[in-house]
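Trainee: Numbering (the working numbering), first residue to last: 245 to 292. Built from N, CA and C at the ideal position, the CB exists for glycine as well. The structure displayed is predicted, hence computed values, not measured ones. Would you mind keeping the following structure in view while I ask a few things?
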């Protein structure tokens with residue numbers, strides 16, 4: 245599984261969804277694979 249840390253370098257945020265009161269961010273990777281990650285994990289890394 246891809247690490248969320250790579251999102252800022254090799255990925256692009258393309259969407260957002262809410263499932264069972266938790267928000268997830270979609271990241272589109274260079275190989276066109278889409279991964280969904282918890283917003284708390286993504287924003288914590290993007291804030292660095």
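Should residue 270 and residue 278 be called a contact, given that it needs their Cβ atoms to be closer than 8 Å?
Mentor: yes
Trainee: Would you decide whether residue 267 is buried or exposed? Buried here means 16 or more other CB atoms lie within 10 Å of its CB.
Mentor: exposed
Trainee: Name the two residues that bound the continuous beta strand (DSSP E) containing residue 270.
Mentor: Counting along the chain, the beta strand (DSSP E) containing residue 270 begins and ends at 266-273.
Trainee: CA-CA distance, residue 285 and residue 259?
Mentor: 15 Å
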